[in-house]
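In order, the protein sequence lines correspond to chains A and B. Residue 1 is where the first sequence starts when you use the numbering used here, and the numbers rise one by one after that. Residue 360 is where the second sequence starts when you use the numbering used here, and the numbers rise one by one after that. Okay, structure first, notes after.
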Amino acid sequence: MCGSCEDICLPGAIVKEFKEGPSSTDIEAYSDIWVICESPDGEIPTWAGELLSKARELANKAGEQLAAVVIGHSLGDKPKELMGFGADKVLVVDDPRLGKFCDDIYANVLAYMAKKELPSVILAASTARGRAYIPRVATMLETGLTADCMDLDIADDDTKTLLQTRPTFGGNLIATITCKKHRPQMATVRPHVFKATEPDMAKSGSVINYSVPDELLASRARVVESHIEPLEGPDITEADVVVTVGRGIGDEKTLEKAKELADLLGAAMGATRPITDEGWLPDRTQIGQTGVTIAPKLYIGLGVSGAVHHTVGIRGSEIIVAINKDPEAPIFEMATYGIVGDVHEILPLLIEKIRQEKG
Amino acid sequence: MDIVVCIKQVPDTATVRFDKEKGTIIREGVQSIINPPDLHALEAGLSLRDQFGGKVTVLTMGPPQAESALRDALSLGADEAVLLSDRAFAAADTLATTYTLLKAIQKIGLPELILCGTHAIDGDTAQVGPGLAARLGWPSITQVAGIEAVEDGAKLLLKRLIDQGYEMVEAELPVLLTCHKTLNTPRVPSLKAKMRAKKAQIPVWSHEDIGAEPDKIGISGSPTWVDSTFVPAFEAKKEMLQGSPEEQVDALIKRLKESGLI
């Protein structure tokens, strides 16, 4: 099929078939680990170094090569920096048509490359954009995809199976998910879940400029305007202290009290998913598997019960303080200091006494 | 404008309780609801239909009792509903799910617009919407927080949320959108629609009805497997602060001062 009538076919009667080259079940045909970095604005995000650092460990264990794949525009020399985090080579697609993010175009490019190069593992960031186009790629490659992993490893046997760890439904259990009979094995990871190693600027490798067929770079959708909003208050992923509210705070009045405590401590505000789902705090304050991962010196949880979906995002905290009226709340299993009590009673007291301390 | 809205029936997380000993969910007494983000997809579909005509078909895959989610959608004003229910569909991951939905949508007849929620609150992979669009070769735009139809409905101007702000995206139909909770406020069911929903015949399709290949559906069509599960362990210096609220707060402040945090 030449595909030329596809774009004008309004009923969409033509359905693309994705079979060509080795199938996703010819697992012997696949090797190497890829870390994907999408960069429409030409900047390399910090999570690229985090993912590559983890991927380097995986590549060593699997005895495979590690490649960074950068898709975007106006990239200049920046992709080369990724060698410092352990990439053996960098594959770059730099094209003006990639200067704005477009879900299907970015997916077309990555799927095309993966079908040609046959990587065994593809790791990507679970950002809003990653979550938008990586599932398309997995579908086009007819393989599995595990979203929002909290850890990754390579199996100890010689199968080079990627062990992908994430909480299961309900959040009280953690599951290891595998994709044994299909390649590539694909996983996404939230920013800040892994730590970047110190970049080794002396490390060298090859940068390969990759070109893709023109027809892959067209879509019926296009970005016409971009609005980047600056963050308000301290950045939750950088803050030393994070005050987090959960369903147990009960009402918005208590939320105001929590904000008062945060101001007093110079803390960022964080939330569990029910709170952001209610719209009480913006989505970007949501901590956990599908939100941000934080590693502050002090985490204070107010009315946070401690479902795994949330607590996977706070494991790096040095001191965890939990205030909850339910003595059985799982948060107390990991709290450095726990107070069983009513937030409505404890919180005003805490604010008052910290004020006194500060004079 | 013919629209298909994909919905999922999920356990209401507000009513979910856990068995601490076994680390599993206590299924009794858990209510089933339409996945909340899907209600915003349905509302978007209904209001575009009200504006441009056409019909809204709601589609779900699930056990027989998922029919009640479809009846709820009909009582909100959807025109038609289809239930995909077959033992062979069970334990589908997102790859098998998008294949199954594709086959069903081909049987319904390809619409001009497919709407999904941003994610399901139980599995929370956010993969089915984009994956389904890839199978159709359609554009997908995720996290849509605003829809304006332009050029008489031939194009949509979309507000699409990204990590730090939003983008305006112009898309020609047909497209697939995943709808964010800030997109709209779902309507409440009307009495008339409720009555109609109660009596509606909802077709139940098996894998044979949609012509799905058995090795691409359910567990055999799912590349991902849950290999093992374990209870998370945290190593923390655990101390429960005792006494009256005042004593507890004093003890906490003392410790935070010792750590140099206050």
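Beta carbons: idealized from backbone N, C-alpha and C, even for Gly. As the structure is a computational prediction, the values presented were derived from the model and not from experiment.
**Rounded separation between Glu-64(A) and Pro-119(A) - CA only** = Reading the first sequence from its first residue, position 64 is the one you call residue 64(A). Reading the first sequence from its first residue, position 119 is the one you call residue 119(A). If you take the alpha carbons of Glu-64(A) and Pro-119(A), they lie about 10 angstroms apart.
**Item:** Phe-589(B), enclosing beta strand (DSSP E) - first and last residue
**Value:** Along the second sequence, one-based indexing puts residue 589(B) at 230. 584 to 589 is the extent of the beta strand (DSSP E) around Phe-589(B).
**Buried/exposed call for Val-509(B), threshold 16 Cβ in 10 Å** = Locating residue 509(B) in the second sequence gives position 150, counting from the first residue. By the neighbour-count rule (16 or more Cβ atoms within 10 Å), Val-509(B) is not buried but exposed.
**Message:** Am I right that Val-245(A) and Ile-275(A) are in contact with their C-beta atoms under 8 angstroms? What's the rounded C-beta distance?
**Reply:** Against the first sequence, residue 245(A) aligns to sequence position 245. Against the first sequence, residue 275(A) aligns to sequence position 275. Confirmed, Cβ separation roughly 6 angstroms.
**Asked** Using a C-beta to C-beta distance shorter than 8 angstroms, which residues of chain A count as neighbours of Pro-498(B)?
**Response** On the second sequence, residue 498(B) is found 139 positions in, with the first residue counted as 1. Ordered by position in chain A, the residues that pass the 8 angstroms Cβ test against Pro-498(B) are Cys-102, Asp-103, Asp-104, Ser-219, Arg-220 and Ala-221.
**Asked** Could you give the distance in angstroms between the alpha-carbon of Thr-526(B) and the alpha-carbon of Val-503(B)?
**Response** In the second sequence, the residue the question calls residue 526(B) occupies position 167. In the second sequence, the residue the question calls residue 503(B) occupies position 144. The sequence as given places Glu at residue 526(B); Thr does not occur at that position. C-alpha separation (whole angstroms): 10 angstroms.
**Message:** Checking 9 angstroms against the spacing of the C-beta atoms, do Ser-317(A) and Pro-296(A) come in under that value?
**Reply:** Against the first sequence, residue 317(A) aligns to sequence position 317. Against the first sequence, residue 296(A) aligns to sequence position 296. Cβ atoms of Ser-317(A) and Pro-296(A): closer than 9 angstroms.
**Message:** I'd like to know whether the C-beta of Glu-526(B) is nearer than 9 angstroms to at least one C-beta of chain A.
**Reply:** Taking the first residue of the second sequence as position 1, residue 526(B) is located at position 167. Yes, Glu-526(B) lies at the interface with chain A (some Cβ there is under 9 angstroms from its Cβ).
**Prompt:** If we call anything under 9 angstroms between Cβ atoms a contact, is Ser-126(A) one with Pro-45(A)?
**Reply:** Locating residue 126(A) in the first sequence gives position 126, counting from the first residue. Locating residue 45(A) in the first sequence gives position 45, counting from the first residue. No, the pair does not count as a contact, with Cβ atoms beyond the cut-off.
**Request:** For the stretch 510 to 523 of chain B, enumerate the residues whose C-beta is nearer than 7 angstroms to any C-beta of chain A, in chain order.
**Result:** Leu-520, Ile-521, Asp-522 and Gln-523
**Prompt:** With distances taken between CB atoms, is the gap from Arg-129(A) to Tyr-106(A) smaller than 9 angstroms?
**Reply:** On the first sequence, residue 129(A) is found 129 positions in, with the first residue counted as 1. On the first sequence, residue 106(A) is found 106 positions in, with the first residue counted as 1. Yes.
**Message:** Is it buried or exposed, Asn-60(A), if we count other Cβ atoms within 10 angstroms and call 16 or more buried?
**Reply:** Your numbering for residue 60(A) matches position 60 in the first sequence. Exposed, by the Cβ-count rule.
**Prompt:** Based on the DSSP secondary-structure assignment, which residues constitute the bridge partners of His-227(A)?
**Reply:** Sequence index remark: in the first sequence, residue 227(A) carries index 227 (1-based). According to DSSP, His-227(A) bridges with Tyr-525(B).
**Item:** Neighbourhood of Thr-285(A) by C-beta distance below 7 angstroms, restricted to the same chain and skipping five residues each side
**Value:** The residue you call residue 285(A) lines up with position 285 of the first sequence. Result list for Thr-285(A): Ile-236, Met-269, Gly-270, Ala-271 and Thr-276, in chain order.
**Prompt:** Secondary structure at Arg-220(A), three-state DSSP: helix, strand or coil?
**Reply:** Here residue 220(A) refers to the residue found at position 220 of the first sequence. Here Arg-220(A) sits in coil by DSSP.
**Message:** By the three-class DSSP mapping on this structure, what secondary structure does Arg-190(A) have?
**Reply:** On the first sequence, residue 190(A) is found 190 positions in, with the first residue counted as 1. Reduced to three states, the DSSP call for Arg-190(A) is coil.
**Prompt:** Between Met-599(B) and chain A, is there a C-beta pair that is closer than 9 angstroms?
**Reply:** Taking the first residue of the second sequence as position 1, residue 599(B) is located at position 240. Output row for Met-599(B): interface = yes.
**Item:** Spatial neighbours of Thr-197(A) in its chain, beta-carbon cut-off 6 angstroms, leaving aside the 5 residues before and after
**Value:** By one-based count along the first sequence, residue 197(A) stands at place 197. So the qualifying residues of the chain are Ser-53.
**Prompt:** What does Val-608(B) touch in chain A if you count any residue whose Cβ is under 8 angstroms from its own?
**Reply:** For this step, residue 608(B) is matched to residue 249 along the second sequence. Under the 8 angstroms cutoff, chain A gives Ile-339, Ile-346, Leu-349, Leu-350 and Lys-353.
**Prompt:** In angstroms, rounded to a whole number, what distance separates the CA positions of Ile-569(B) and Cys-179(A)?
**Reply:** For the purposes of this step, residue 569(B) is taken as the residue at position 210 of the second sequence. For the purposes of this step, residue 179(A) is taken as the residue at position 179 of the first sequence. Rounded to whole angstroms, Ile-569(B) to Cys-179(A) spans 27 angstroms at the Cα level.
**Item:** Exposure label - Val-590(B); buried when at least 16 CB within 10 Å
**Value:** Looking up residue 590(B) in the second sequence gives position 231. Its Cβ having fewer than 16 others within 10 Å, Val-590(B) is exposed.
**Closest residue to Gln-475(B) among Ile-467(B), Leu-433(B), Ile-621(B) and Lys-540(B) (Cα-Cα distance)** = For this step, residue 475(B) is matched to residue 116 along the second sequence. For the record, residue 475(B) in the displayed sequence is Cys; it is not Gln. Ranking Ile-467(B), Leu-433(B), Ile-621(B) and Lys-540(B) by Cα distance to Cys-475(B) puts Lys-540(B) first.
**Asked** Where does Thr-290(A) land, buried or exposed, given buried means 16+ other C-beta within 10 angstroms?
**Response** Position 290 of the first sequence, counted from the first residue, corresponds to residue 290(A). Per the 10 Å Cβ criterion, buried.
**Item:** Those residues which DSSP pairs with Val-563(B) across a bridge
**Value:** Looking up residue 563(B) in the second sequence gives position 204. DSSP, once it has assigned bridges, lists Leu-442(B) as partnering Val-563(B).
**Request:** Return the residue from the list Ser-24(A), Ala-202(A) and Val-93(A) that minimises the CA-CA distance to Glu-81(A).
**Result:** Here residue 81(A) corresponds to residue number 81 of the first sequence, with the count starting at 1. With distances taken between Cα atoms, Glu-81(A) lies closest to Ala-202(A).
**Asked** What in chain A is Cβ-close to Lys-596(B), meaning under 8 angstroms?
**Response** Here the question's residue 596(B) lines up with position 237 in the second sequence. Within chain A, the residues near Lys-596(B) are Thr-336.
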